[in-house]
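Student: Mind looking over this structure? Questions follow.
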Amino acid sequence: MYKILKQISLFLLISVLPMTPVHSVNQPIQLENRIVLIDRLPSDTSAYWLVCDSIYRPDYPTESQCDHAISSLPSPMSKSANLSLKLAFIVDESIDNTLPGIIIEEIKGADEVYLNGQLIASTGKFPPQFENASYYSRYYFLPRQLIRVDEPNILRMNLYHPDGHANLRDLQSIVYSFDAMLQKALARDVMFTASSAVLIIISLLMLYHYFRIPGSYDSLGLSSFCLISGLYLILNHQLMINLGLDANSLLRWKTVAFIFAQLALNYYLFRVFEIKAVSIHRAIIIFFLIFGMSCLVWPGVNQLQYFYFFSKLSAFISPMVILIIALVVKREPLTTPQKLLAGALTIYFISLLLDITRYWWFNFFEIRENTGVIIALFIIGIAASFLSVEKYWQYFKGSTYDHLTGTLLRPSFVRRLSEEMQRCRRSDFCLLVAAIDIDQFKLINKNYSLEIGDKALMIISATITRALRQFDLICRLHDDEFCIAATLPGSENTELFLRRLHEEVNASSITLESGEKLNLKATSGAVIYDSKRHETPEMLLLDAEHSVTEAKMKQRGSIQWFDTENPPLQFIL
Numbered sequence: 001m002y003k004i005l006k007q008i009s010l011f012l013l014i015s016v017l018p019m020t021p022v023h024s025v026n027q028p029i030q031l032e033n034r035i036v037l038i039d040r041l042p043s044d045t046s047a048y049w050l051v052c053d054s055i056y057r058p059d060y061p062t063e064s065q066c067d068h069a070i071s072s073l074p075s076p077m078s079k080s081a082n083l084s085l086k087l088a089f090i091v092d093e094s095i096d097n098t099l100p101g102i103i104i105e106e107i108k109g110a111d112e113v114y115l116n117g118q119l120i121a122s123t124g125k126f127p128p129q130f131e132n133a134s135y136y137s138r139y140y141f142l143p144r145q146l147i148r149v150d151e152p153n154i155l156r157m158n159l160y161h162p163d164g165h166a167n168l169r170d171l172q173s174i175v176y177s178f179d180a181m182l183q184k185a186l187a188r189d190v191m192f193t194a195s196s197a198v199l200i201i202i203s204l205l206m207l208y209h210y211f212r213i214p215g216s217y218d219s220l221g222l223s224s225f226c227l228i229s230g231l232y233l234i235l236n237h238q239l240m241i242n243l244g245l246d247a248n249s250l251l252r253w254k255t256v257a258f259i260f261a262q263l264a265l266n267y268y269l270f271r272v273f274e275i276k277a278v279s280i281h282r283a284i285i286i287f288f289l290i291f292g293m294s295c296l297v298w299p300g301v302n303q304l305q306y307f308y309f310f311s312k313l314s315a316f317i318s319p320m321v322i323l324i325i326a327l328v329v330k331r332e333p334l335t336t337p338q339k340l341l342a343g344a345l346t347i348y349f350i351s352l353l354l355d356i357t358r359y360w361w362f363n364f365f366e367i368r369e370n371t372g373v374i375i376a377l378f379i380i381g382i383a384a385s386f387l388s389v390e391k392y393w394q395y396f397k398g399s400t401y402d403h404l405t406g407t408l409l410r411p412s413f414v415r416r417l418s419e420e421m422q423r424c425r426r427s428d429f430c431l432l433v434a435a436i437d438i439d440q441f442k443l444i445n446k447n448y449s450l451e452i453g454d455k456a457l458m459i460i461s462a463t464i465t466r467a468l469r470q471f472d473l474i475c476r477l478h479d480d481e482f483c484i485a486a487t488l489p490g491s492e493n494t495e496l497f498l499r500r501l502h503e504e505v506n507a508s509s510i511t512l513e514s515g516e517k518l519n520l521k522a523t524s525g526a527v528i529y530d531s532k533r534h535e536t537p538e539m540l541l542l543d544a545e546h547s548v549t550e551a552k553m554k555q556r557g558s559i560q561w562f563d564t565e566n567p568p569l570q571f572i573l
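First residue of the sequence shown? That's 1 in this note's numbering, and the numbers climb one at a time after it.
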C-alpha cells in the first residue's frame with residue numbers, strides 16, 4: 001500500500017502543476033477591422049477580445065462600440081458589474097473539417113456566450129438570481145453549423161460580477177480542436193478524481209491506525225484532514241458545475257470544507273510537534289470552528305468570495321504560527337520525522353503564497369485559481385501520510401519483531417507457525433521445529449558484560465538467519481533461546497538440515513576488545529510436526545522446548561530429537 005501510494009502521488013504531483021509559460025500555443029493572424037484569422041490549432045485569442053460599451057442582447061440588436069482591448073480596459077469600465085466582450089474571427093478553410101471549441105480561463109462571476117447571434121453556452125446565473133461561478137474553467141464547444149468558413153464570425157460574451165472585472169486583462173481564451181479540448185478536460189477531471197481518491201484512501205488508512213493503536217490522535221487528525229481535503233477537491237471538479245448544481249452552494253461548501261480541513265490540519269500539527277501550548281491550541285480550534293460554522297449561515301452571495309480568500313490567509317497563518325512555536329518557542333530539538341514534516345510545510349506555504357499572490361506572477365506563469373491551494377493540500381496530505389505510515393510501521397514492527405535481534409516475537413511466531421501447520425496438513429511437506437539454546441549465556445553476561453551478551457544474541461540470530469531460507473521462520477523464544485520452523489520436502493531432509501544449521505551456530509564467535517576470541521556454543525532440540533499429536537502451535541513448541549531441555553541435561557552442544565511415536569510419559573497428551 002505504501003509503495004502504491006508513493007507511485008500514485010509522484011504521478012499526480014507532476015500532473016498537478018499546470019504552471020506553464022504563457023503563449024505556448026499558436027497566435028492567430030490579425031487582419032483589418034480587428035478581425036483575426038485562425039489558421040492553426042490551438043490558437044491563443046486572449047489578446048484579441050474587445051470590450052464593448054453595451055451588453056449584447058440578440059433580441060434587441062443594437063450597434064455596440066467595441067473599441068477597447070482588454071489589456072487597456074479603462075478604470076470606469078473595469079468597475080462595472082456588467083461587461084460585454086467581442087471576438088471577431090475567421091476560420092481558415094484548412095481547418096474547416098476540425099470541430100473547434102474554446103477554453104476560457106479567469107472569468108469571475110457568471111457569463112453567457114453567443115456565436116453569430118446564437119446562445120451556445122453559459123456558466124452561473126445573472127441577477128436577479130445571481131450564481132457566482134468563479135474559479136471554474138469554461139469549456140465551450142463551437143457548433144459547426146453556426147461557424148462561417150472564410151467569413152467573419154462574431155463571439156459575444158456577457159459577464160457579470162458585482163465587484164467588477166479588475167483582473168480581466170488576465171483572461172485567457174484558446175481555440176482547440178474538439179479532440180484536444182476533450183483530452184484537456186478529461187486530463188483535468190482525471191487529475192482531480194485521482195487526487196481526491198488518494199487523499200480519501202489515506203484518510204481510511206489513518207482511520208485504521210487510529211482504531212488499531214490506542215491514543216493515536218494524530219492519525220485521527222490526519223484522517224479528518226485528508227477526508228475533508230478530498231471532498232474539497234471533488235467540489236472543485238468541473239463535473240460539479242457541469243451537472244448544473246447551484247454555483248453559490250458549491251462556493252459556500254468549498255469554503256466550509258477548506259476551513260474545516262485547516263482545523264483538522266492544525267490539530268494534527270499540534271499533536272505531531274508535541275506542542276504543549278494548550279491555550280493557543282484551543283484558541284485556533286475555536287477560531288476555525290466559529291469561522292466554518294459562520295460560513296454556512298452568514299455571508300451572502302456577494303461576500304462569499306471574501307470569506308474564501310480569508311480562509312486561504314488563515315490557512316497560511318495558523319500553520320506558520322505552529323511551526324514557529326515548534327522551531328523557536330519549544331526548547332526541544334525536532335525529531336527526524338518532525339524535520340521532514342517541517343520541510344513539507346515549507347512547500348505548503350510556498351504553494352499557498354503563490355495562489356494568494358498569483359496575479360503578481362501571471363505574466364511569467366499561468367497559475368490558475370486554486371492551483372496552489374490544491375498542491376498545498378495534496379503535498380501536506382501525502383508527506384504526512386508517509387511519515388505516519390513509517391511511524392506506525394515501526395510501532396507494528398515493535399509488536400512483531402524483537403528490537404535487538406530483529407527476529408519474530410513469540411505471539412507473531414505462533415501465528416505464522418499455525419499457518420505453516422495448516423499448509424503441511426494439505427500437502428506432503430514436513431515441518432521441522434527446533435529450539436536452539438545458547439550455552440552458558442548467563443555466564444557470558446556475568447563475566448563479560450550485558451553488552452557482550454547482547455552482541456552474542458545478535459551474532460547467533462544473524463548466523464541462524466543466514467543459514468535459513470527466506471521463507472523459514474525464526475523467533476526469539478526466551479532470553480537465550482531461539483526457535484526456528486522450516487518446511488522441507490521430506491522427513492529424510494530434516495536431520496541434514498538441522499545438523500548443518502547446528503554446526504554453523506557452533507562455529508560462530510565474538511572478538512572481544514582485548515582481541516580474545518569468545519567461541520559461542522548452542523544446544524538444539526527438534527521435533528517433526530505430527531498432525532495427530534500437535535493440534536496447536538503451542539503443543540509443537542512445548543515438544544521442541546522439552547527436547548532442548550533434555551539435550552542440555554545429557555550433553556551441552558548436542559542435538560536431541562523428540563520421539564513423537566514414543567513420547568515421555570509426562571508428554572503423552
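Note that CB positions come from ideal geometry on N, CA and C, so glycine has one too. This structure is a prediction, so every number in the text was calculated from the model and none was measured.
Beta-carbon separation of D189 and V149 under 8 Å?
Tutor: Numbered from its first residue, the sequence shown carries residue 189 at position 189. Numbered from its first residue, the sequence shown carries residue 149 at position 149. Taking C-beta atoms as the reference points, D189 and V149 fail to come closer than 8 Å.
Student: Evaluate contact between the segment 27-46 and the segment 127-136, counting only Cβ atoms and requiring at least three cross-stretch pairs below 8 Å.
Tutor: no
Student: Would L146 and L115 be called neighbours here (beta carbons separated by less than 8 Å)?
Tutor: Locating residue 146 in the sequence shown gives position 146, counting from the first residue. Locating residue 115 in the sequence shown gives position 115, counting from the first residue. Contact: yes.
Student: Tell me the DSSP bridge mates of V198?
Tutor: Taking the sequence shown and counting its residues from 1, one reaches residue 198 at position 198. In DSSP, V198 forms no bridge with anything.
Student: What residue does the alpha helix (DSSP H) around S137 start on, and which one ends it?
Tutor: Here residue 137 refers to the residue found at position 137 of the sequence shown. Segment: none, S137 is in no alpha helix (DSSP H) and carries neither H nor E.
Student: Who are the near neighbours of S223 in its chain, counting only those whose CB is closer than 7 Å to its CB and skipping five residues on each side?
Tutor: Along the sequence shown, one-based indexing puts residue 223 at 223. Correct list, in chain order: S203, M206, L207, Y210.
Student: What residues are listed by DSSP as bridge partners for W561?
Tutor: Here residue 561 is taken as the residue at index 561 of the sequence shown, counted from 1. Note: W561 sits in a beta bridge opposite A526.
Student: I want to see whether chain B comes within less than 8 Å of L142, judged by CB atoms only; does it?
Tutor: In summary, chain B is missing from the structure at hand, where a single protein chain is found.
Student: Three Cβ pairs or more, each shorter than 8 Å: is that satisfied between the segment 449-467 and the segment 398-416?
Tutor: yes
Student: What is the DSSP secondary structure of K3, counted as helix, strand or coil?
Tutor: Here the question's residue 3 lines up with position 3 in the sequence shown. In this prediction, K3 has a pLDDT of 48, which is less than 50 and means its spatial position is unreliable; what the coordinates show is noted afterwards. In the three-state reduction of the DSSP assignment, K3 falls in the helix class.
Student: Could you give the C-beta distance for S318 and Q262, rounded to a whole number, given that I count them as a contact under 8 Å?
Tutor: Position 318 of the sequence shown, counted from the first residue, corresponds to residue 318. Position 262 of the sequence shown, counted from the first residue, corresponds to residue 262. Indeed they touch by this definition, with Cβ atoms about 7 Å apart.
Student: Pick out whichever of I259, V198, G221, L245 has its Cα sitting closest to the Cα of G230.
Tutor: As a first step, residue 230 must be located in the sequence shown, where it is residue number 230. Residue V198 is the option with its Cα nearest to G230.
Student: Please name the residue, chosen from R410, V36, L73, that lies closest to L155 on a Cα-to-Cα basis.
Tutor: Indexing the sequence shown from 1 puts residue 155 at position 155. In this structure, V36 is the residue among R410, V36, L73 with its C-alpha nearest to the C-alpha of L155.
Student: Considering R476, what are the terminal residues of the beta strand (DSSP E) in which it resides?
Tutor: Start at 1 with the first residue of the sequence shown, and residue 476 comes out as number 476. According to the DSSP assignment, R476 belongs to the beta strand (DSSP E) that extends over 473-478.
Student: Do you know how far the Cα of E390 is from the Cα of I120?
Tutor: Mapped onto the sequence shown, residue 120 falls at position 120. Mapped onto the sequence shown, residue 390 falls at position 390. Each residue's Cα considered, the two are about 53 Å apart.
Student: Please identify the residue among F178, F307, L477 whose C-alpha is closest to the C-alpha of G101.
Tutor: Taking the first residue of the sequence shown as 1, we reach residue 101 at position 101. If we check each option's Cα against that of G101, F178 comes out closest.
Student: May I have the straight-line CA-CA distance separating I322 from M181, to the nearest angstrom?
Tutor: The residue you call residue 322 lines up with position 322 of the sequence shown. The residue you call residue 181 lines up with position 181 of the sequence shown. Spanning the two alpha carbons is a distance of roughly 43 Å.
Student: Tell me Y114's beta-bridge partners as DSSP assigns them.
Tutor: What you label residue 114 is simply residue 114 of the sequence shown in a count that begins at 1. BP columns for Y114 point to L119, R156.
Student: Would you tell me roughly how many angstroms separate the C-alpha atoms of M421 and T494, rounded to the nearest one?
Tutor: If you number the sequence shown from 1, residue 421 lands on position 421. If you number the sequence shown from 1, residue 494 lands on position 494. Roughly 16 Å separates the two Cα atoms.
Student: Report the rounded CA-to-CA distance for L186 versus I104, giving the unit in angstroms.
Tutor: As a first step, residue 186 is located in the sequence shown; it is residue number 186 there, counting from the start. As a first step, residue 104 is located in the sequence shown; it is residue number 104 there, counting from the start. Each residue's alpha carbon lies about 16 Å from the other.
Student: Excluding five sequence neighbours on each side, which residues of the same chain lie with their C-beta closer than 8 Å to the C-beta of L408?
Tutor: As a first step, residue 408 must be located in the sequence shown, where it is residue number 408. Closer than 8 Å at Cβ, skipping near neighbours: T400, Y401, D402, R416, L473, I474, C475, R476.
Student: Does the pairing of the segment 212-223 with the segment 366-378 give three or more beta-carbon distances under 8 Å?
Tutor: no
Student: Does DSSP put D150 in a helix, in a strand, or in coil?
Tutor: Against the sequence shown, residue 150 aligns to sequence position 150. In this structure, D150 counts as coil in the three-state DSSP scheme.
Student: Have a look at I464 and E274 and give me their C-alpha separation to the nearest angstrom.
Tutor: Working through the sequence shown from its first residue, we reach residue 464 at position 464. Working through the sequence shown from its first residue, we reach residue 274 at position 274. The alpha-carbon atoms of I464 and E274 are separated by roughly 41 Å.
Student: Look at the alpha carbon of A467 and the alpha carbon of S547, and state the distance between them as a whole number of angstroms.
Tutor: Reading the sequence shown from its first residue, position 467 is the one you call residue 467. Reading the sequence shown from its first residue, position 547 is the one you call residue 547. Distance between the alpha carbons of A467 and S547 is about 21 Å.
Student: Can you name the start and end residues of the alpha helix (DSSP H) that P411 belongs to?
Tutor: To locate residue 411, count along the sequence shown from 1; it is residue 411. 410-425 is the span of the alpha helix (DSSP H), which, as asked, contains P411.
Student: Report all residues from its chain with a CB closer than 6 Å to the CB of E550; omit the five preceding and five following residues, and keep chain order.
Tutor: By one-based count along the sequence shown, residue 550 stands at place 550. So the list reads Q560, once near-sequence residues are dropped.
Student: Candidates R533, S558, Q555: which alpha carbon is nearest P567's?
Tutor: Indexing the sequence shown from 1 puts residue 567 at position 567. Cα-wise, what sits closest to P567 is R533.
Student: Rounded to whole angstroms, what is the Cα-Cα separation between Y56 and I228?
Tutor: Reading the sequence shown from its first residue, position 56 is the one you call residue 56. Reading the sequence shown from its first residue, position 228 is the one you call residue 228. Looking at the two C-alpha atoms, the distance is approximately 41 Å.
Student: Using a threshold of 8 Å, state whether the C-beta atoms of R169 and L243 are closer than that.
Tutor: Your numbering for residue 169 matches position 169 in the sequence shown. Your numbering for residue 243 matches position 243 in the sequence shown. Contact flag unset, no.
Student: Identify the continuous alpha helix (DSSP H) that holds N266 and give its terminal residues.
Tutor: Position 266 of the sequence shown, counted from the first residue, corresponds to residue 266. N266: member of the alpha helix (DSSP H) spanning 247-272, first to last residue.
Student: Quick check: the Cα distance between A486 and G515, rounded to an integer number of angstroms?
Tutor: Residue 486 sits at position 486 when you count from the first residue of the sequence shown. Residue 515 sits at position 515 when you count from the first residue of the sequence shown. Spanning the two alpha carbons is a distance of roughly 36 Å.
Student: So for T465, helix, strand or coil by DSSP?
Tutor: Here residue 465 corresponds to residue number 465 of the sequence shown, with the count starting at 1. Secondary structure of T465 (DSSP, three-state): helix.
Student: Does DSSP classify H23 as helix, strand or coil?
Tutor: Working through the sequence shown from its first residue, we reach residue 23 at position 23. With a pLDDT of only 42 at H23, under 50, the local geometry of the prediction cannot be trusted, and no value is derived from it.
Student: Could you check how far apart the C-beta atoms of L83 and V51 are, in whole angstroms? I think they sit under 8 Å.
Tutor: Here residue 83 corresponds to residue number 83 of the sequence shown, with the count starting at 1. Here residue 51 corresponds to residue number 51 of the sequence shown, with the count starting at 1. Yes, L83 and V51 are in contact; Cβ-Cβ is about 7 Å, under 8 Å.
Student: Considering only residues of the same chain and omitting the five flanking positions on each side of I241, which have a CB-CB separation below 8 Å?
Tutor: Looking up residue 241 in the sequence shown gives position 241. Closer than 8 Å at Cβ, skipping near neighbours: T123, A133, Y136, A247, L250.
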